[in-house]
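Each number in our numbering corresponds to the 1-based position in the sequence shown with 840 added.
For every residue, glycine included, the Cβ atom is placed at its ideal position computed from N, Cα and C.
Everything numeric in this text was worked out from a predicted model, so none of it was measured.
Read the structure below first, then the notes.
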Amino acid sequence: MLWLLFYWRLEKEKWFDQLVLAIKELNKRKVDFEIFIFWRWSLESQLFEVHDKNVHFFGWKPLDEIKKYLANIDYCLMPSEFLETFGLSALNALSWWVPVIWYKKWWLEPFIFQECNLFLTKWNTTAERIVSIIEKLAKKTNPERIKDKEELEWKIKKLLPEYTEDAWYERFLNFVSFWTANNFPLFKEGGPLAVGDLKNPHPDNSGSSFKKEQKMDSSAIASEWQDKEKILIISDFINKAWGIETYIHDVKNLLESKWHEVVLRWSNLPAWNKWQRKKRFWLLLFPFNFWSTGSLNEILEKEKPDIIWFNSLLRWLWPNVVKTAWKWKKENKSECKFWMMYHDFGYFYPFPSELYHIEDCKTPLTKKNFLSAYKWKNLVTKLAVLCKYYWLQPLKKVLKKEIDLHLAPSDCITNIARDSYKITEKKCKSFPHFIQK
């Protein structure tokens, strides 16, 4: 018996339709497996086509609930062919000692072990590739599975330390230290929060860049940061609807546990059916979205943040929120720093849910490159791509001019952001996610 897990949005972008076809074919071939499916979204109705007892659907559940089912899980299925900006769900699965079956490419390579690589099969469709790998894994004997599990756990143990909360927070302190070293004594050279080179975060191989002889006095740190450091995180949507929206709440909790004061602001994402109906209408209004930023001045006056961290601007807020924040900063002579996090290829590519190869994301972001990046089939598609290009220009201009630090979850996207918007290397850094608990 093979026990499988799928916990992604049930939509075409995540290749869920191909998974349903694979389940049907596996059952037809009488392969001995059970699959546990979590989450919801637009293709949920396709599960009604699969009536077999070995398919268990639970809808959306928090990670804490999903973990209860992990004791017997052998593999996690994530069969999307589209490029992901990081692979946070895969990282979370690995932290539960569950290897991930996916396409091994680009920044996902560390997360996908060779025996789980969908590229290894000779078939054409993702559904056929899933069937081929599951059939092969299901035929293994118990001794073979135990040996595989031991080898995979050894590989996972080597990978995970780079993605812990401590490793993430250490990187965060490096970014903050670029501009706080002269203002906060704890960050000065020799202080307990002095940080090393970003390219070598563990110079003494101890798992931390903090010097061994330095003692971290929590009361001193709390005192130093009290009333001095406040972070305002602004994101299109802040309810826990998608993976990255859930993740920013974890970021907030982590920073607050380290004595930072964190405020999270903006809209709630509607239910998927309402979002799908209204999305095209909203997209037309985004460049003129002034009503959503109407209360921003009040928030800034009240909070007076030291860092404004723009987590997402592509789906609702657009450039006006940055302009409003910059105007407030100038009028109040604030030393507040602006950070921008790129979670979406939509900042650089016409239709990110149809991006298969990183080479298709051409830089810099010029009209010629943007039009040639997507293989449009007719004039309507070409017009849509052209409109998207002009639609991105106000955002590109504002981000390039006003943002102090551009961040992305992988080196590859960092390079794309830097080259697309012609940002200096000093202002554009990789900032990988951490494992969600």
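Same chain, Cβ closer than 7 angstroms to residue i, neighbours up to 5 away in sequence not counted
| i | result |
| --- | --- |
| Lys-1207 | Tyr-1229 |
| Asp-872 | Met-841, Leu-842 and Ala-978 |
| Ile-1253 | Thr-925 and Tyr-1182 |
| Ala-1213 | Tyr-1189, Pro-1190, Asp-1200, Cys-1201 and Lys-1202 |
| Ser-1193 | Glu-853 and Phe-922 |
| Glu-1096 | Val-1102 |
| Ile-1263 | Lys-1240, His-1246 and Ala-1257 |
| Trp-1166 | Glu-1242 |
| Leu-859 | Phe-846, Leu-917, Pro-919 and Ile-970 |
| Tyr-909 | Phe-876 |
| Glu-1143 | Lys-1070, Leu-1072 and Val-1103 |
| Phe-959 | Tyr-943 and Lys-944 |
Cross-strand partners of residue i (DSSP beta bridge)
| i | result |
| --- | --- |
| Glu-991 | In the DSSP output, where bridge partners are listed per residue, Glu-991 has none listed. |
| Asn-957 | Trp-942 |
| Tyr-915 | Leu-844 |
| Glu-1101 | Lys-1070 |
| Trp-1149 | Ile-1073 and Trp-1179 |
| Leu-1245 | Trp-1179 |
| Lys-1269 | Leu-1247 |
| Ser-1107 | Phe-1077 |
Simplified DSSP assignment, three categories, for residue i
| i | result |
| --- | --- |
| Asn-964 | coil |
| Ile-875 | strand |
| Trp-937 | coil |
| Lys-852 | helix |
| Trp-1166 | helix |
| Trp-1008 | helix |
| Ser-1323 | Beyond the ends of the chain as shown, which are 841 and 1277, falls residue 1323; an answer cannot be given. |
| Leu-1000 | helix |
| Ala-1155 | Checking the sequence, you will find Arg at residue 1155 rather than Ala. Of the three classes helix, strand and coil, the one that applies to Arg-1155 here is coil, per DSSP. |
| Arg-969 | helix |
| Asn-1290 | Only positions 841 to 1277 of the chain appear in this structure, which leaves residue 1290 out of reach. |
| Arg-869 | coil |
| Gln-1276 | coil |
| Asp-1037 | Note that Asp-1037 has pLDDT 42, beneath the 50 cutoff, so the model's placement of it is unreliable and no number is given. |
| Asn-1172 | coil |
| Lys-864 | helix |
| Thr-1264 | coil |
| Ile-974 | helix |
| Ile-986 | helix |
| Lys-1144 | coil |
| Thr-1254 | helix |
| Lys-979 | coil |
Chain-order list of residues whose beta-carbon lies under 8 angstroms from that of residue i (same chain, five-residue window excluded)
| i | result |
| --- | --- |
| Glu-1265 | Arg-1258 |
| Tyr-1261 | Pro-1204, Leu-1205, Lys-1236, Leu-1239, Lys-1240 and His-1246 |
| Ile-1088 | Ile-1073, Ser-1075, Ile-1078, Leu-1104 and Asn-1151 |
| Thr-961 | Glu-968, Arg-969, Ser-972 and Ile-973 |
| Glu-1085 | Ser-1075, Phe-1077, Ile-1078, Asn-1079 and Leu-1109 |
| Pro-1145 | Lys-1070, Ile-1071, Leu-1072, Val-1103 and Cys-1176 |
| Pro-1159 | Pro-1127, Leu-1153, Pro-1234, Leu-1235, Lys-1237, Val-1238 and Leu-1239 |
| Glu-1138 | none |
| Arg-1320 | Not covered by the structure: residue 1320. The range shown for the chain is 841 to 1277. |
| Lys-995 | Phe-953 |
| Lys-1267 | Ile-1243, Asp-1244, Leu-1245 and His-1246 |
Rounded Cβ spacing between residue i and residue j (contact assumed at less than 8 angstroms)
| i | j | result |
| --- | --- | --- |
| Asn-1278 | Ile-875 | Limits of the chain in this structure are 841 at one end and 1277 at the other, which puts residue 1278 out of reach. |
| Leu-934 | Trp-942 | With a Cβ gap of about 11 angstroms, Leu-934 and Trp-942 do not count as contacting. |
| Phe-1185 | Leu-923 | 7 angstroms |
| Leu-844 | Tyr-915 | 6 angstroms |
| Leu-1000 | Ile-1275 | 7 angstroms |
| Trp-937 | Glu-993 | 6 angstroms |
| Leu-1136 | Val-1161 | 6 angstroms |
| Trp-1179 | Trp-1149 | 5 angstroms |
| Lys-945 | Tyr-1009 | At roughly 29 angstroms, the Cβ-Cβ gap does not stay under 8 angstroms, so Lys-945 and Tyr-1009 are not in contact. |
| Asp-857 | Leu-883 | 6 angstroms |
| Leu-1140 | Trp-1168 | 5 angstroms |
| Leu-1094 | Glu-955 | So it is not a contact: roughly 33 angstroms between Cβ atoms. |
| Val-890 | Ile-913 | Val-890 to Ile-913, Cβ: 19 angstroms. No contact. |
| Ser-929 | Gly-1083 | 6 angstroms |
Spatial neighbours of residue i in its chain, beta-carbon cut-off 6 angstroms, leaving aside the 5 residues before and after
| i | result |
| --- | --- |
| Arg-849 | Trp-879 and Trp-881 |
| Gly-927 | Leu-948 and Phe-951 |
| Ser-920 | Lys-854 and Trp-855 |
| Ile-877 | Phe-846 and Phe-897 |
| Gln-886 | Val-860 |
Chain C within 7 angstroms of residue i, Cβ atoms only
| i | result |
| --- | --- |
| Lys-908 | Absent from the structure: chain C. Only one protein chain is present. |
Curious, which full-length alpha helix (DSSP H) runs of at least 4 residues does the stretch 878 to 929 contain? Listed in chain order, they are 903 to 907.
What are the complete alpha helix (DSSP H) segments, minimum 4 residues, inside the stretch 1174 to 1238? The DSSP assignment places complete alpha helix (DSSP H) segments of no fewer than 4 residues inside the stretch 1174 to 1238 at 1207 to 1213, in order along the chain.
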